[in-house]
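Asks: After the structure tokens below, expect a handful of questions from me.
Protein chains: 2
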Amino acid sequence: MQSDDKTDPANRTSYHHGDLREALIGAVQQLIEEDGAENFSLADACRRAKVSTAAPYKHFKDRDEILEIIVMRAFDEMADHAVAEIEKHGPGTTESMVALGKSYVGFATTRPALFRLMFGQNPKINQAGDVQDEGRRCFGRVIEQVAIYCRSNNLEADALNIATRLWTFVHGMASLIIDEKYQNVVPDLDLDVMLAEATTDLLPTASKEV
Amino acid sequence: MQSDDKTDPANRTSYHHGDLREALIGAVQQLIEEDGAENFSLADACRRAKVSTAAPYKHFKDRDEILEIIVMRAFDEMADHAVAEIEKHGPGTTESMVALGKSYVGFATTRPALFRLMFGQNPKINQAGDVQDEGRRCFGRVIEQVAIYCRSNNLEADALNIATRLWTFVHGMASLIIDEKYQNVVPDLDLDVMLAEATTDLLPTASKEV
DNA sequence: AATCAAAAGTTAGTGAGGCTAACTTTTTCA
DNA sequence: TGAAAAAGTTAGCCTCACTAACTTTTGATT
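Protein sequence lines, in the order shown, are assigned to chains A and B.
To get my numbering, take the position in the first sequence, counting from 1, and add 1369.
To get my numbering, take the position in the second sequence, counting from 1, and add 1369.
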């Protein structure tokens, strides 16, 4: 039975019944995306992984440690996405900046529960040094791209400031979409149009020089 | 003992031990602001109100019904705040639009847990018809003020669109502040400056005509 | 004024979840 | 080979949301 499910058997270095650590992380991630990060139970994840509810504590300090790991991986994935998207549209162009925003909002809408977990307020997760480092690292990669935009357009403007404005806008947009707040109040909103217009308005050149 | 705590005795129309309904709503609101909306327990609120843990169910269907009430009241309060702030700065002025944004962010920072509850994703609360109506009503009052701005500045622009852009930005800002995300990445950010600049950039006139 | 039903509270109990302790089984490696 | 460490298990603790069944208070009607 080599076609056994749990991660490549070749990778099983030191295990009883497969790679439970990864199996649990995967199960939790699935459950979060199904039920939301507040509603999932570790006990459910155990059932999915077919182990007792005490088993996780051989691999993780507590429930939150699993969430921390998931959040760190998600930050990484998000930054990969963003940078890839910019490269596709040509670094330094206004379009690439719009695409950057789109990738942020896109990540949020395709993985809402994960996004909430990353940007929500769970003190234990937020205060974890590892998570903070990872967040900073990812944001750094994105700022670099905004800096390229600035140089390409001969702007004195501080890339950090510009990045922060754009971040603020797209974060608001992502949040309001996934928490279904636009629906109730501006149901006919064209999201793509708003994002493109707001991005150009918030970028120093595009709206004021050209 | 007329100086008894629980709401004005004159208002006790049909009660055993005071106005438990309001006492519980108050206790829950306090606990939420102390511990966050995900962490509070109804049992704690009962202890504060000095009743058994079964008592709430004589007044509310379940835990979430209390949260719904709190959210509805908060929407109302928020809109009151916003409109008052605009009137203080003179309706129709750019400053009043900045003040509008500031009042939004201010509400979030002074009552973060409440803000999260209002704009977070709790299906039971979001889908409650009453809550949706209340949200729409409050947003309507604010849009009215933006419409006044548009008329005062002879703008064709759709007040709804402008309001939505501003909303999106300040919502992002409020969220990133209370979830402590700027701290990690742009610790020296001047929030007031960013808000003022972004507001004028996002308003049609201010940045493009004048 | 006495009565009685509804309103507002209580205690006791269920089932779920997080986590720990103490035990067992498997794996590693000296 | 055999002992220690690693990875599981069962049983149990505590808390929580919520329900059922009982008691006390209230106040509306005769």
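Just so you know, even glycine gets a beta-carbon here, dropped at the ideal spot from N, CA and C.
Since the structure is predicted, the reported quantities are computational estimates derived from the model, not experimental observations.
Residues of chain A with CB closer than 7 Å to the CB of L1529 (chain B), please, in chain order.
Replies: V1555
Asks: Quick one: residues in its chain with C-beta nearer than 8 Å to the C-beta of L1535 (chain A), no 5 flanking neighbours on either side, listed in chain order?
Replies: Excluding the 5 residues flanking it on each side, L1535 (chain A) has same chain C-beta neighbours closer than 8 Å at M1466, L1469, G1470, V1515, T1568, L1571 and L1572, in chain order.
Asks: Please list, in chain order, the chain A residues whose beta carbon lies closer than 7 Å to that of D1548 (chain B).
Replies: In chain order: F1488, G1489 and Q1490.
Asks: Does the beta-carbon distance from A1532 (chain B) to A1477 (chain B) come in below 9 Å?
Replies: no
Asks: Could you give the residue range of the alpha helix (DSSP H) that holds G1498 (chain B)?
Replies: G1498 to S1521
Asks: Which first and last residues belong to the alpha helix (DSSP H) in which D1570 (chain A) is found?
Replies: L1560 to L1571
Asks: Taking the alpha helix (DSSP H) that T1463 (chain B) falls in, what are its first and last residues?
Replies: T1463 to T1479
Asks: Would you mind sorting S1372 (chain B) into buried or exposed? The rule is 16 or more other CB atoms within 10 Å of its CB.
Replies: With a pLDDT of only 34 at S1372 (chain B), under 50, the local geometry of the prediction cannot be trusted, and no value is derived from it.
Asks: Just curious, the alpha helix (DSSP H) that D1433 (chain B) is in, first and last residue?
Replies: R1432 to H1458
Asks: Classify V1440 (chain B): buried if its beta carbon has 16 or more other beta carbons within 10 angstroms, exposed otherwise.
Replies: buried
Asks: Are the CB atoms of P1425 (chain B) and L1393 (chain B) nearer to each other than 9 Å?
Replies: yes
Asks: Taking a Cβ distance cut-off of 9 Å, strictly less, list which residues of the segment 1532-1546 of chain A are near chain B, in chain order.
Replies: A1532, T1533, R1534, W1536, T1537, F1538, V1539, H1540, G1541, M1542, A1543, S1544 and L1545
Asks: So, do the segment 1407-1418 of chain A and the segment 1440-1458 of chain A have three or more beta carbon pairs nearer to each other than 8 Å?
Replies: Counting Cβ pairs under 8 Å, fewer than three are found: no touch.
Asks: Report the rounded CA-to-CA distance for P1378 (chain B) versus D1527 (chain B), giving the unit in angstroms.
Replies: Its pLDDT being 37, under 50, P1378 (chain B) is placed unreliably in this model, and the value from its coordinates should be taken loosely. When rounded, the distance between both Cα atoms is 50 Å.
Asks: What three-state label does DSSP hand H1428 (chain B) in the structure shown?
Replies: coil
Asks: With 9 Å as the threshold, decide whether the Cβ of Y1518 (chain B) is near any Cβ in chain A.
Replies: no
Asks: Please check if any C-beta of chain B sits within less than 9 Å of the C-beta of N1523 (chain A).
Replies: no
Asks: Can you tell me the Cβ-Cβ gap for V1554 (chain A) and F1538 (chain B), rounded? I've got them flagged as a contact below 8 Å.
Replies: Not a contact, Cβ separation roughly 16 Å.
Asks: Taking L1483 (chain B) and A1443 (chain B) to be in contact with their CB atoms under 8 Å, please state how far apart those CB atoms are, rounded to whole angstroms.
Replies: Right, their Cβ atoms sit about 5 Å apart.
Asks: Along chain B, in chain order, which residues have C-beta atoms closer than 8 Å to that of A1567 (chain A)?
Replies: R1534, T1537, F1538 and L1571
Asks: Which bits of chain A does F1580 (chain B) rub up against, with CB to CB less than 9 Å?
Replies: No statement about residue 1580 (chain B) is possible, as the shown extent of chain B runs from 1370 to 1579 and does not include it.
Asks: With a cut-off of 8 Å on the beta carbons, I'd call V1583 (chain B) and E1549 (chain B) a contact; round off their distance for me.
Replies: The structure shown does not extend to residue 1583 (chain B), since chain B is modelled only from 1370 to 1579, so the question has no answer here.
Asks: Just to confirm my understanding: we take A1418 (chain A), look at its own chain, exclude 5 residues before and 5 after, and list those with CB closer than 7 Å. What are they?
Replies: In the same chain as A1418 (chain A), and ignoring 5 residues on each side of it, the C-beta atoms closer than 7 Å to its own belong to L1389, A1392, L1393 and A1396, in chain order.
Asks: Report yes or no: is there a C-beta of chain A within less than 9 Å of the C-beta of F1476 (chain B)?
Replies: Closer than 9 Å: no.
Asks: Check each candidate in B:K1493, B:E1464 and B:H1540 and name the one with the smallest Cα separation from D1431 (chain B).
Replies: B:K1493
Asks: Given that G1498 (chain B) touches chain A, what residues does it touch there, using C-beta distances under 7 Å?
Replies: What G1498 (chain B) touches in chain A: nothing, since even the nearest Cβ is about 11 Å away.
Asks: If I'm right that A1414 (chain B) touches V1511 (chain B) with Cβ under 8 Å, what's the distance once you round it to whole angstroms?
Replies: Rounded, the Cβ-Cβ distance is 31 Å, inconsistent with contact.
Asks: Compute the Euclidean distance between the alpha carbons of E1360 (chain A) and R1416 (chain A), then round it to the nearest angstrom.
Replies: Residue numbering for chain A in the displayed model covers 1370 to 1579; residue 1360 (chain A) lies beyond these limits and cannot be assessed.
Asks: Rounding to the nearest angstrom, what Cα-Cα distance links T1462 (chain B) and N1523 (chain B) in this structure?
Replies: Taking C-alpha positions only, T1462 (chain B) is separated from N1523 (chain B) by approximately 12 Å.
Asks: With distances taken Cα to Cα, identify the nearest neighbour of G1541 (chain B) among B:H1428, B:V1474 and B:G1459.
Replies: Nearest of B:H1428, B:V1474 and B:G1459 to G1541 (chain B), Cα basis: B:V1474.
Asks: Along the chain, where does the alpha helix (DSSP H) that runs through T1533 (chain B) open and close?
Replies: A1528 to I1547
Asks: Determine the contact status of D1557 (chain B) and N1491 (chain B), defining contact as a CB-CB distance below 9 Å.
Replies: no
Asks: Taking only beta-carbon positions, decide if F1409 (chain B) is within less than 9 Å of chain A.
Replies: no
Asks: Compare the C-beta of R1505 (chain B) with all C-beta atoms of chain A and state if any pair is closer than 9 Å.
Replies: yes
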